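Sequence order for the protein chains is A and B.
The working numbering puts the first residue of the first sequence at 15, with every later residue one more than the last.
The working numbering puts the first residue of the second sequence at 15, with every later residue one more than the last.
Quick reminder that beta carbons are idealized off the backbone N, C-alpha and C, glycines included.
All values reported here derive from a predicted model rather than from experimental measurement.
Protein chains: 2
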Amino acid sequence: MRVIITGAGGFVGNGLARYLRANPDALGRPISTLVLADLTQGIMPLGTGVEWRCGDLADPAYLDLLLEEPVDCLFHLASLPGSLAERQPERGWDVNLQAPLVLAERLARQARARGAVPRVVFASSIAVYGSLGSDPVTEAAAPHPAISYGAHKLMVEILLADFTRRGELDARSLRLPGIVARPISESGHGSAFMSLLFHKALAGAPYTCPISREATAWWMSLHTCIANLVHAACMEPVGLAPARSWQLPVLHASVGEIIAALNRRLDGICAAQFRFDPDETTEGLFGRLPPLQTPMANKTGFVADLDADALVENVLGAS
Amino acid sequence: MRVIITGAGGFVGNGLARYLRANPDALGRPISTLVLADLTQGIMPLGTGVEWRCGDLADPAYLDLLLEEPVDCLFHLASLPGSLAERQPERGWDVNLQAPLVLAERLARQARARGAVPRVVFASSIAVYGSLGSDPVTEAAAPHPAISYGAHKLMVEILLADFTRRGELDARSLRLPGIVARPISESGHGSAFMSLLFHKALAGAPYTCPISREATAWWMSLHTCIANLVHAACMEPVGLAPARSWQLPVLHASVGEIIAALNRRLDGICAAQFRFDPDETTEGLFGRLPPLQTPMANKTGFVADLDADALVENVLGAS
């Protein structure tokens, strides 16, 4: 099968690409070609059947190039991070809205002509919700995006659900929480502090966290994220909900709990080095997330990191 | 102020254009130019400051033409009807999704450059909901569109809410029910039967209705629809909900109730002429609508036709 990963040079995309390269049967059928799509070629040893196709998703000619051969499975991970998209609305429009819309439409058109229905795994985001209040959140929570990134993700979910209803695509949208630990070099994520905690702890370096110790966030390790993306691509369509969007289970934990777990894992190296200088905007967006209940997603087989210690192990064990 | 109506050749657009031409102060400030946009010029006597600009909204050059002078208020009514869009998905994509997205984006870009925030009144649709079940529906009902037309309307609502949050547009999306009585010539509406009841009753002609006498629908006269569109454009932004989408109040009535009211108004001319041969798809989409409660919209000043007799009077009184 021919598989495309957009955003393959990014943190999640690169992790998924390495996983699929090492496990070419992970999607149920052998991957004959793994196309890695991004603006520039990322750091990854190539192998048989693995190829980079670099270009800008905002360029329709590049989309044609990606789709010039039939696609069996598309992981659409490329996006401009939310905080950056707020500052660069025209680029956000191109990358976060038009690129996935047009890519989905062309893929559906190809599917109509070909008579085969490709699977699409879309990295949506908890940014679709906007403010969630303090009561426990369920999978029925109504989305009210408070940043363009979240509005665009929600719009793409709706489009993919419609193409799925029409029988032209077989989409699965996953609402991802903050994935840790992103490289420090990745910029534009408002939730960057979640990853910086890990990097600073590992380095034994001081860090002033922009949200409070008591702030609660939704966490997921890259390891667990990749497991969920692969699971989403493998699930048989029978019995899947028509809307085809899942809020992934998450680890709901405070910054203090994560630091305590880091401290346990790293023999007390980090806790004394951390200070807290909460920024109201950052805390409001990422630091007041209520408990989350996802029985439907759990039953479908999606998973979360079990607790703060497991999260830390899943992050540091892989680094 | 410069006002644009897209879909000005259609049933609702033409009605709104005539109303604004007759009431040039209806929007609070005098309308200096009323631009009527549609594929072809509709039947309407022109007047000072009223001009047609004809073209295809799928053509970016036409959008530029519409926006070449600053716009103060845009009524975006143009769309490919839902039933037709299901059969012509590529045209539906162009007209119902890309045209309003790109129009909104260019208008927001113009607004950024100009430092003035145009109002946008968007004709959304109850098609955003999909199946509503039988319990009374509230304004918190979650949308799960079951046709592309509804999915596209919902996506445009989300985009307009986001541009409003950013302070670049000042949008108001209204979810319209079936508006009566559309001309028989307008095709592609699955809800065409709602209007045909009126035309056949007026003509004293026989009619076989594709939903049952007991089927319940959501009705609104053109008269009431125009009042709501104008009200939406006039409302001051202070206190409006951030999502900027309103489910309009509707008249919830059975086909039998409407026929009885027509019969009262037309001295018994029609009831004996009507037969019923329910089509399951049509009945499922338009004939099992539950009661609707819209306290938020009512409080904001939106209105419904009061009862079946008022609906009939509002339709026939204007014809």
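| Query | Result |
| --- | --- |
| Residue range of the beta strand (DSSP E) that includes B:F316 | Note, B:F316: premise wrong, no beta strand (DSSP E); not H, not E. |
| C-beta atoms of A:A22 and A:M58 nearer than 9 Å | yes |
| First through last residue of the alpha helix (DSSP H) which encompasses A:Q11 | Here chain A covers residues 15 to 333 and nothing more, so residue 11 of chain A does not appear. |
| Supposed close pair A:N242, A:L188 - CB separation, criterion 8 Å | 6 Å |
| Identity of the residue in A:V317, A:F300, A:A324 nearest A:A141 by Cα | A:F300 |
| Residue interval of the beta strand (DSSP E) (run including B:Y221) | 221-223 |
| C-alpha gap between B:G218 and B:Q287, whole angstroms | 7 Å |
| Beta carbon of B:V269 nearer than 9 Å to that of B:S205 | no |
| Where the beta strand (DSSP E) through B:E297 begins and ends | Here B:E297 belongs to no beta strand (DSSP E); instead the alpha helix (DSSP H) covers 294-300. |
| Cβ distance (whole Å) where B:E100 is taken to contact A:W107 below 8 Å | Not confirmed; about 28 Å, so no contact. |
| Residue from A:A231, A:A255, A:P263 with nearest C-alpha to A:C239 | A:P263 |
| Segments assigned alpha helix (DSSP H), at least 4 residues, entirely inside the segment 62-100 of chain A | 74-80 |
| Three-state secondary structure (DSSP) of B:H266 | strand |
| Buried or exposed by the 16-neighbour rule on C-beta atoms within 10 Å, applied to B:G147 | exposed |
| Closest Cα partner of A:R179 within the set B:E297, B:G144, B:E171, B:T314 | B:G144 |
| Proximity test, Cβ basis, 9 Å: B:E119 and chain A | yes |
| Cross-strand partners of B:L188 (DSSP beta bridge) | B:A137, B:W260 |
| Own chain residues within Cβ distance below 6 Å of A:V244, not counting five before or after | A40 |
| Neighbour list for A:H158 in chain E, Cβ cutoff strictly below 8 Å | No chain E appears in this structure, whose protein chains are A and B. |
| Separation of A:L236 from A:A318, as counted between CA atoms | 11 Å |
| B:S138 burial status per 10 Å Cβ neighbour count (16 or more: buried) | buried |
| Alpha-carbon spacing of B:P292 relative to B:P224, whole angstroms | 4 Å |
| Where the alpha helix (DSSP H) containing A:S162 begins and where it ends | 162-179 |
| With 16 other Cβ atoms within 10 Å as the buried cut-off, status of A:I161 | buried |
| Nearest-angstrom Cβ-Cβ length linking A:Q307 and A:T152, presumed shorter than 8 Å | 5 Å |
| 9 Å Cβ cut-off: residues of chain A touching B:A72 | Residues of chain A passing the Cβ test: none, with the nearest at roughly 13 Å. |
| Whole-angstrom distance between B:L330 and B:A51, CA atom to CA atom | 27 Å |
| Expected contact under 8 Å - CB spacing of A:I198 and A:L210 to nearest Å | 7 Å |
| Cutoff 9 Å: A:P103 Cβ touching any chain B Cβ | yes |
| Extent of the continuous beta strand (DSSP E) run through B:V17 | 16-20 |
| Straight-line gap, A:P304 to A:A155 (C-alpha atoms, nearest Å) | 12 Å |
| Residues sharing a beta bridge with A:L306, DSSP | A:V151 |
| For A:S259 and A:E171, believed in contact at Cβ under 8 Å, the rounded distance | 5 Å |
| Per-residue DSSP class, three states only, for B:R35 | helix |
| Cβ-based burial, B:C62 [other Cβ within 10 Å; buried from 16] | Reading off the sequence shown, one finds Thr at residue 62 of chain B, where the question assumed Cys. With fewer than 16 Cβ atoms within 10 Å of its Cβ, B:T62 is classed as exposed. |
| Beta-carbon spacing of A:L48, A:L117 below 9 Å | no |
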